[in-house]
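Peer 1: First, the structure itself, so that you have it in front of you.
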Amino acid sequence: MKTTKKLDTFLLTTSLITVATIVISLTMFPEAGKAGANYLFNLLTAIFGTPVLLAVFGAVIFLVLLGFSKYGNIKLGEGTPDYSTFSWVAMMICAGLGSATVYWAFAEWAYYFNAPPLGVEAGTTAAYEISTAYNLFHWGVSAWSTYCIAALPVAYHFHVRKNSGLSLSAVCSAIRGKKESTPLWRSTCRVIDTIFIFTCFGGLSITLGVSVPMVAEILASIMGIQPSFGMNLSIILLISAVFSLSSYVGISKGMARISSMNTYLAIAFCLAVFLIGPTLYITKSTVNGLGTMFQNFIKMSLWTDPVDNSGFPEGWTIFYWLYWITYTPFVGLFVTKVSKGRTIRAVISNMLVSGSAGCFFFFGIIGNFSQHANITNTVDVAGLVASGQGNPAIVQLLNTLPMSTIFIILFAAISILFLATTLDSAAFTMAATVTPGLKAGEDPSPMHRLFWCILLAAVPLAMLFINAPLNTIKTCAIVTSIPLTFILCYMVYGFINWLKADYSLKTAEQIMQESDILPKEGIAPPATIAATDS
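Just so you know, we're using the numbering used here here: the sequence shown kicks off at 1110 and counts up by one.
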């Protein structure tokens, strides 16, 4: 249902002014913009790099311990789950596939092959093997732990504590409890919402910044023309038209259906590549990569390269953890909506196992198909990536497949639909954030969502216009995710306090009985958990 509620003009105006300033600065002073972004990237990853590595590794340990503890039996909401176990697992796997994966799955291993981590020599067999392992590592358990550690406080806040509101500021206010709402705290909530808004810009700048040029390259190869900035702009407009049409025709689940259909297309695409391509190599290399990753998991998680200072941890591992953090608000809402009736243990195991499996499936097949082409000298993927020609490399790889035109068209459609659903979900969430007082069943107006879609596209389009290097695009995620990290730490702190207040005096058996895991014969009804902070 659409709404005509009054908009939060402060957030709207602040966002518009800031985005306009960034876009004008980048287009008028491109070299200064690149230099400034590079300086910020190096400075922030140097200062916050090691704490980020420790925090993400700590998140993995915390979630494993929490899952095996008595608190893992806590049920998120009453009644039976809204979705079957198969559908729930499938949705989590699908969440591992998105618009950013379509570029990185083909090209990421080549970046590592050209400049390997852990002291491995470039261009060697060991470089191939460690590049596959790091590819899977950066999209695996640690990455999904950042999602899970952020999603649990939101789900607990909404389903167990029965607090209203799904925004980050609402969760932080619930953690603060019944204290009087002072002007300082209200201002703090505005800051939290503002940080959330700009985190969206950071994440989308990466996604659009690498995905749109790739789609342009693919479409240009089909039409026999050269890719251009005008084509990038046309793709953004096409993506906006796809989700805007879905909104205007009144199909509330239109984009959800498109997303589900596109996921099936992506899975079919991967299976076709697996069966037609070098099946044996893909299988062996993926299994070998998983073995190498798990064998070196602790070292890869905490490697800071203190002697050589090659920049690999800062440029990739730390960047990726912060990049994943930019999407945690979206994932928190998604997990909260689909996990009603599930236990904390089930959420942890599903996200860390099923979510990682979705990425392992995609990157294992596509990444090793690309790597095999490089080994056999079919396509010089590593050389093209090193010279900044990653997108032409993808086109050449697709042309090696039988009936290549069909594969290229299918891949282009998958990429566009992934971008449309990513941009739509971001625009919807941001429109809802600046539309106070939305009730259940109400949606922000389609025009408002279109406005945010255009605004979200403005920054990456400016970067594409100046032909910004990858590090300039990466800086958006780094700058915006660091303040969000502090907010997430506060949410986890509140979540732990809620667990202790609500369940520390209860045994594992009592919690299991409350969660309907054990029968309740002879047990008095448990006390209802207060809706506000105790």
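Virtual Cβ for every residue (Gly too), placed ideally from N, Cα, C.
(1) From the DSSP output, in three-state form, read off K1615 for me.
(2) Quick check on the DSSP output: what are the complete alpha helix (DSSP H) runs of length 4 or more inside the segment 1448-1481, in order along the chain?
(3) Any chance the segment 1324-1333 sits against the segment 1495-1512, with 3 or more Cβ pairs inside 8 Å?
(4) State whether the segment 1417-1424 contacts the segment 1440-1455, with contact taken as three or more CB pairs (one from each stretch) at a distance under 8 Å.
(5) By the 10 Å Cβ neighbour count, where 16 or more other Cβ atoms means buried, how is A1129 classified, buried or exposed?
(6) When you compare only the Cα positions, how much space is there between V1269 and K1184?
(7) Between the C-alpha atoms of L1528 and P1628, what's the straight-line distance to the nearest angstrom?
(8) Among the candidates Y1602, M1409, I1304 and P1592, whose CA atom is the shortest distance from the CA of A1283?
(9) What is the DSSP secondary structure of K1271, reduced to helix, strand or coil?
(10) Could one say the Cβ of C1257 lies closer than 9 Å to chain D's Cβ atoms, at least one of them?
(11) Are E1238 and S1394 closer than 9 Å when you measure CB to CB?
(12) Who are the near neighbours of A1168 in its chain, counting only those whose CB is closer than 7 Å to its CB and skipping five residues on each side?
(13) Buried or exposed, going by whether 16 or more other CB atoms sit within 10 Å of the CB of G1359?
(14) Between the alpha carbons of K1143 and D1414, how many angstroms are there, rounded?
(15) Decide if the segment 1385-1403 is in contact with the segment 1472-1491; the criterion is three or more beta carbon pairs, one per stretch, under 8 Å apart.
(16) Output the distance between the C-alpha atoms of T1122 and F1305, rounded to the nearest integer angstrom.
(17) Return the residue from the list L1559, D1302 and I1315 that minimises the CA-CA distance to I1348.
(18) Look at the alpha carbon of N1477 and the alpha carbon of T1485, and state the distance between them as a whole number of angstroms.
(19) A1571 to A1610, Cα distance in whole Å?
(20) Could you check which residue in N1606, F1574 and Y1180 has the C-alpha nearest to that of L1342?
(21) For the candidate residues T1194, L1152 and F1119, whose alpha-carbon lies nearest to that of K1449?
(22) Helix, strand or coil: which one does DSSP assign to K1288?
(23) In angstroms with no decimal places, state the Cα-to-Cα distance between L1431 and L1597.
(24) Does the pairing of the segment 1375-1383 with the segment 1222-1229 give three or more beta-carbon distances under 8 Å?
(25) Pull up the DSSP beta-bridge partners for K1184, would you.
(26) In chain order, what are the residue ranges of uninterrupted alpha helix (DSSP H) at least 4 long that sit wholly in the segment 1165-1252?
(27) Does DSSP put T1159 in a helix, a strand or coil?
(28) Helix, strand or coil for I1626, going by three-state DSSP, please let me know.
(29) If you reduce the DSSP assignment to three classes, tell me which class N1508 lands in.
(30) Figure out for me which residue from A1375, L1277, S1134 and T1445 has the closest Cα to the Cα of T1594.
(31) Whole angstroms is fine: what's the gap from G1181's alpha carbon to A1466's?
(32) Tell me the rounded alpha-carbon separation between M1402 and A1235.
(33) Would W1561 pass as a contact of A1586 if the rule is Cβ separation under 9 Å?
(34) Compute the beta-carbon to beta-carbon distance between T1584 and L1149, rounded to the nearest angstrom, for a pair I have assumed lies under 8 Å.
(35) Exposed or buried, D1302, counting other C-beta atoms within 10 Å across all chains shown (16 or more means buried)?
(36) Short check: CB of C1309 to CB of L1506, under 9 Å?
Peer 2: This is what the structure gives:
(1) Locating residue 1615 in the sequence shown gives position 506, counting from the first residue. Reduced to three states, the DSSP call for K1615 is coil.
(2) 1453-1458
(3) yes
(4) no
(5) Walking along the sequence shown from the start, residue 1129 turns up at place 20. Per the 10 Å Cβ criterion, exposed.
(6) Reading the sequence shown from its first residue, position 160 is the one you call residue 1269. Reading the sequence shown from its first residue, position 75 is the one you call residue 1184. Their Cα atoms are separated by approximately 8 Å.
(7) As a first step, residue 1528 must be located in the sequence shown, where it is residue number 419. As a first step, residue 1628 must be located in the sequence shown, where it is residue number 519. C-alpha separation (whole angstroms): 47 Å.
(8) On the sequence shown, residue 1283 is found 174 positions in, with the first residue counted as 1. Comparing Cα-Cα distances from A1283 to each of Y1602, M1409, I1304 and P1592, the minimum goes to Y1602.
(9) Taking the sequence shown and counting its residues from 1, the one referred to as residue 1271 is at position 162. K1271: coil per DSSP, three-state reduction.
(10) Reference to chain D is not applicable here, since this structure consists of a single protein chain.
(11) On the sequence shown, position 129 is the one that residue 1238 refers to. On the sequence shown, position 285 is the one that residue 1394 refers to. For E1238 and S1394, yes; Cβs fall inside 9 Å.
(12) Taking the sequence shown and counting its residues from 1, one reaches residue 1168 at position 59. Closer than 7 Å at Cβ, skipping near neighbours: S1254, T1255 and I1258.
(13) For the purposes of this step, residue 1359 is taken as the residue at position 250 of the sequence shown. Only weak support exists for where G1359 lies, its pLDDT of 40 falling under 50; the value from the coordinates is given anyway. Per the 10 Å Cβ criterion, exposed.
(14) Stepping through the sequence shown from its first residue, residue 1143 is reached at position 34. Stepping through the sequence shown from its first residue, residue 1414 is reached at position 305. Each residue's alpha carbon lies about 26 Å from the other.
(15) yes
(16) Position 13 of the sequence shown, counted from the first residue, corresponds to residue 1122. Position 196 of the sequence shown, counted from the first residue, corresponds to residue 1305. Computed Cα separation, rounded: 15 Å.
(17) Position 239 of the sequence shown, counting from 1, holds the residue named residue 1348. Ranking L1559, D1302 and I1315 by Cα distance to I1348 puts L1559 first.
(18) Mapped onto the sequence shown, residue 1477 falls at position 368. Mapped onto the sequence shown, residue 1485 falls at position 376. The alpha-carbon atoms of N1477 and T1485 are separated by roughly 12 Å.
(19) For the purposes of this step, residue 1571 is taken as the residue at position 462 of the sequence shown. For the purposes of this step, residue 1610 is taken as the residue at position 501 of the sequence shown. Cα to Cα, the separation comes out at about 49 Å.
(20) The sequence position of residue 1342 within the sequence shown is 233, counting from 1. Measuring from the Cα of L1342, the nearest candidate turns out to be F1574.
(21) Residue mapping note: residue 1449 aligns to position 340 of the sequence shown, counting from 1. The shortest C-alpha separation from K1449 is found at T1194.
(22) For the purposes of this step, residue 1288 is identified with residue 179 of the sequence shown, where counting begins at 1. Here K1288 sits in coil by DSSP.
(23) Position 322 of the sequence shown, counted from the start, is the residue given in the question as residue 1431. Position 488 of the sequence shown, counted from the start, is the residue given in the question as residue 1597. Cα to Cα, the separation comes out at about 12 Å.
(24) no
(25) As a working note, residue 1184 is residue 75 in the sequence shown. K1184 pairs with T1452.
(26) Note on the segment 1165-1252: whole alpha helix (DSSP H) runs with a minimum of 4 residues are 1194-1204, 1210-1223 and 1234-1246, in chain order.
(27) On the sequence shown, position 50 is the one that residue 1159 refers to. Looking at T1159 - three-state DSSP - the assignment turns out to be helix.
(28) Position 517 of the sequence shown holds residue 1626. Three-state DSSP puts I1626 in coil, outside helix and strand.
(29) Taking the sequence shown and counting its residues from 1, the one referred to as residue 1508 is at position 399. Three-state DSSP puts N1508 in a helix.
(30) Start at 1 with the first residue of the sequence shown, and residue 1594 comes out as number 485. Among A1375, L1277, S1134 and T1445, the Cα nearest to that of T1594 belongs to L1277.
(31) By 1-based counting over the sequence shown, the position of residue 1181 is 72. By 1-based counting over the sequence shown, the position of residue 1466 is 357. CA-CA distance, G1181 to A1466, rounds to 22 Å.
(32) Here residue 1402 corresponds to residue number 293 of the sequence shown, with the count starting at 1. Here residue 1235 corresponds to residue number 126 of the sequence shown, with the count starting at 1. Their Cα atoms are separated by approximately 13 Å.
(33) For the purposes of this step, residue 1561 is taken as residue 452 along the sequence shown, with counting starting at 1. For the purposes of this step, residue 1586 is taken as residue 477 along the sequence shown, with counting starting at 1. Taking 9 Å as the cut-off, the Cβ atoms of W1561 and A1586 do not count as close.
(34) Locating residue 1584 in the sequence shown gives position 475, counting from the first residue. Locating residue 1149 in the sequence shown gives position 40, counting from the first residue. Their Cβ separation, rounded to whole angstroms, is 5 Å, which keeps T1584 and L1149 in contact under 8 Å.
(35) Position 193 of the sequence shown, counted from the first residue, corresponds to residue 1302. Buried, because 16 or more other Cβ atoms sit within 10 Å of the Cβ of D1302.
(36) By 1-based counting over the sequence shown, the position of residue 1309 is 200. By 1-based counting over the sequence shown, the position of residue 1506 is 397. No, the pair does not count as a contact, with Cβ atoms beyond the cut-off.
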